[in-house]
């Protein structure tokens, strides 16, 4: 890279093949592997969210020398998750406001004709799949009949999506194939399946939101909760924005909480990662939503176990079951200890807040936080926990980010587009500190 002969203040994008790209290319997250930014001196790079409806984000990063583009991949995907719109993008610009590239999920659509689908310019290790909107937890491999040519299902169960994948990477934009459903099959549909057939998008999305809220509050709707968990677990790289049923999950925080509380240990990670692609953050979900979700899941467990045990024993077994779920979540996520404590079930925290902050300072004492001061100022307006007083919050605004998240969860701060972008930026920089300090901040504000 030294042979590039950079001039002062010049920043270059070099792709995985070693080619200098001055054409500001559009790259998918997968295209970032092997690509680097090269600069002759320290410069500030801007990541600007575009095409995301009401969502706004402008994030700055300081870089120097050679910087792998994958460093920006997770942050870019997190910024894309600020919106439920399809096709948002993140533009990366240098300190002269010159576009270097645009990051967005692949938007290529296939050619569909005569019961066949053609995907152009795909490798031999790529497979095409279909996913029914009525059975969205199931992905079916399509039969390949030529170079990039695949046979569509002969008797599909209603309309479905088709797309290509390589392992857990989805390489094309999902394309919807309309297909009829007979009257006999329609009579067997669940409420959510029936709503999926509504043709008007706005009416369909509103109906899904209403039904999700009903499901969230009803202990008798355990079958739908289990199905939603299976759908999320089956995504395997497919964006949850591709299907309305998962796209609308953030409209109901209580439902999100129930999904996490009800998920089996092997499916927890697929539920947790939803915050990357959808406009919500687990640590910012309302405390009231967690309390309602926990109560509903406990009542559901009591009801299910009462078919086997007497009520007192069913109650005891349900409580034990919930405790095991909390323990499993606590092992996966440091921040969940704060939720458990707010439910009156938590133990003492393993480390005090001042020690957590001091550990952070030891790691970052010679650095400068790349965060806007406004985030810390909003958090400080709530009062600073004793464990975080005495530190330089102006120089290290990251210290108060957990307090900001806790403030949103407790209803003492409103989640604006600016705060949402700042929080995602902070989580990309140091998720471990935030997750460790969050339970203490939540307890401080929930008193």
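Numbering (my numbering), first residue to last: 1 to 447.
C-beta: ideal position from N, C-alpha, C; glycine also.
Task: Neighbourhood of residue 248 by C-beta, 8 Å cutoff - its chain only, sequence neighbours within 5 removed - done: As a working note, residue 248 is residue 248 in the chain shown. So the qualifying residues of the chain are 84, 205, 208, 209 and 212.
Open item on the list: So for residue 107, helix, strand or coil by DSSP?
Closed with: Numbered from its first residue, the chain shown carries residue 107 at position 107. Residue 107: coil per DSSP, three-state reduction.
Open item on the list: Counting C-beta neighbours from all protein chains within 10 Å, is the total for residue 187 16 or more, i.e. buried, or is it exposed?
Closed with: Position 187 of the chain shown, counting from 1, holds the residue named residue 187. Exposed: under 16 other Cβ atoms inside 10 Å.
Open item on the list: So, does the stretch 267-285 touch the stretch 218-238, judging by three or more C-beta pairs under 8 Å?
Closed with: Between the stretch 267-285 and the stretch 218-238 there are three or more C-beta pairs closer than 8 Å, enough to call the two in contact.
Open item on the list: Does residue 203 come out as helix, strand or coil in the three-state DSSP assignment?
Closed with: Mapped onto the chain shown, residue 203 falls at position 203. For residue 203, the secondary structure class from DSSP, reduced to helix, strand or coil, is helix.
TODO: State the Cα-Cα distance for the pair residue 49 and residue 88, rounded to the nearest angstrom.
DONE: Position 49 of the chain shown, counting from 1, holds the residue named residue 49. Position 88 of the chain shown, counting from 1, holds the residue named residue 88. Distance between the alpha carbons of residue 49 and residue 88: 7 Å.
Task: In DSSP terms, what residue 91 is bridged to - done: Translated into the one-based positions of the chain shown, residue 91 becomes position 91. As computed with DSSP, residue 91 is found in a beta bridge with 48 and 102.
Task: C-alpha gap between residue 447 and residue 274, whole angstroms - done: By 1-based counting over the chain shown, the position of residue 447 is 447. By 1-based counting over the chain shown, the position of residue 274 is 274. Cα to Cα, residue 447 sits roughly 29 Å from residue 274.
Task: C-alpha distance - residue 1 paired with residue 104, whole-angstrom precision - done: Position 1 of the chain shown, counting from 1, holds the residue named residue 1. Position 104 of the chain shown, counting from 1, holds the residue named residue 104. Note that residue 1 scores 44 on pLDDT, short of 50, meaning its location in the model is unreliable and no value can be drawn from it.
Open item on the list: I believe residue 360 touches residue 433 by the beta-carbon criterion, under 8 Å. Please report the beta-carbon distance rounded to the nearest angstrom.
Closed with: The residue given as residue 360 occupies position 360 in the chain shown. The residue given as residue 433 occupies position 433 in the chain shown. Right, their Cβ atoms sit about 5 Å apart.
TODO: Identify, in the order they occur along the chain, each residue of the same chain with its Cβ nearer than 8 Å to the Cβ of residue 160, setting aside the five sequence neighbours on each side.
DONE: Walking along the chain shown from the start, residue 160 turns up at place 160. Result list for residue 160: 130, 131, 132, 133, 153, 176, 177 and 179, in chain order.
TODO: Write down the C-beta distance between residue 126 and residue 166 rounded to the nearest angstrom, noting that I regard them as a contact closer than 8 Å.
DONE: As a working note, residue 126 is residue 126 in the chain shown. As a working note, residue 166 is residue 166 in the chain shown. Contact annotation, residue 126 with residue 166: C-beta distance approximately 5 Å; criterion of less than 8 Å satisfied.
Task: Option in 151, 136, 363 and 101 with minimal Cα separation from residue 22 - done: As a first step, residue 22 must be located in the chain shown, where it is residue number 22. Comparing Cα-Cα distances from residue 22 to each of 151, 136, 363 and 101, the minimum goes to 101.
Open item on the list: Ignoring anything shorter than 4 residues, give me the alpha helix (DSSP H) runs that lie fully in the stretch 190-253, in order along the chain.
Closed with: Entirely contained in the stretch 190-253, the alpha helix (DSSP H) runs reaching 4 residues are, in chain order, 191-195, 201-217, 222-234 and 244-247.
- [ ] Could you say which of 116, 362, 370 and 354 lies nearest to residue 385 if we only look at CA atoms?
- [x] Along the chain shown, one-based indexing puts residue 385 at 385. Answer by Cα proximity: 354.
- [ ] Take residue 443 and list the residues in its own chain whose beta-carbon comes closer than 7 Å to its own, dropping the five residues that flank it on each side.
- [x] The residue labelled residue 443 in the question sits at position 443 within the chain shown. If we look at residue 443 and ignore the five residues flanking it on each side, its Cβ neighbours are 338 and 341.
Open item on the list: Can you give me the C-alpha to C-alpha distance between residue 378 and residue 113, rounded to a whole angstrom?
Closed with: As a first step, residue 378 must be located in the chain shown, where it is residue number 378. As a first step, residue 113 must be located in the chain shown, where it is residue number 113. Rounded to whole angstroms, residue 378 and residue 113 show a C-alpha spacing of 55 Å.
Open item on the list: Tell me the residue span of the beta strand (DSSP E) that contains residue 62.
Closed with: Within the chain shown, the letter at position 62 stands for residue 62. Going by DSSP, residue 62 is part of the beta strand (DSSP E) stretching over 58-68.
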